[in-house]
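Step one of this worksheet: look at the structure below.
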Amino acid sequence: MTEFRRRMAAVTASAAIALGGVVALAPQASADEACSYVPDNARPYVYPNQSNDAVRQAQCLILFYSGFGMNHAVQIDGKYGQETYAGVIWVQHCNGLSEDGIVGPNTWEKLYNPNYACQRFDN
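In case it helps, mature numbering (1 follows the signal peptide of the UniProt record, and there is no 0) puts the sequence shown at residues -31 to -1, 1 to 92.
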């Protein structure tokens, strides 16, 4: 969970408790725990038609942490196909990056730390 999400959860919980509400917060896995197909510092370039664990990592981050994953069922199968390409393009577009479908350093950064409007909030 990003620092921003943690802070927002704490503020929301505090407000609810202050207003007499009861709040039950379920623990949320971090990207490192849920998407651990490659080490966090291993961010190789990922291209269409590749099949490997780096693709699987990108798919996991797209599915669980980007807004694209709210409406699209990206399979975490390690195969960079059409749905993965659409997810990468969505992440790049939403975060103001070049839309080339290649997961490079800038795209990896936004997969791990998306702009606020590009984050997934339903999980």
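Beta carbons are placed, not taken as given, at the ideal position from N, Cα and C, and that holds for glycine.
Alpha carbon to alpha carbon, how far is residue i from residue j?
i, j, result
"residue 10", "residue 27", "13 angstroms"
"residue 25", "residue 76", "15 angstroms"
"residue 86", "residue 38", "13 angstroms"
"residue 84", "residue 66", "11 angstroms"
"residue 91", "residue 30", "14 angstroms"
"residue 5", "residue 62", "25 angstroms"
"residue 72", "residue 43", "16 angstroms"
"residue 51", "residue 3", "23 angstroms"
"residue 88", "residue 55", "16 angstroms"
"residue 34", "residue 78", "12 angstroms"
"residue 12", "residue 53", "16 angstroms"
"residue 41", "residue 57", "12 angstroms"
"residue 64", "residue 45", "22 angstroms"
Mind checking residue i: buried by the 16 CB within 10 Å criterion, or exposed?
i, result
"residue 36", "buried"
Between residue i and residue j, how many whole angstroms is the CB-CB distance? I'm expecting something under 8 angstroms.
i, j, result
"residue 15", "residue 49", "6 angstroms"
"residue 69", "residue 47", "Residue 69 to residue 47, Cβ: 21 angstroms. No contact."
"residue 60", "residue 32", "Actually they are not in contact, since the Cβ atoms of residue 60 and residue 32 sit about 11 angstroms apart, beyond 8 angstroms."
Tell me whether residue i sits in a helix, a strand or coil according to DSSP, three-state version.
i, result
"residue 19", "coil"
"residue 94", "This structure cannot speak to residue 94, because the chain is shown only from -31 to 92."
"residue 7", "coil"
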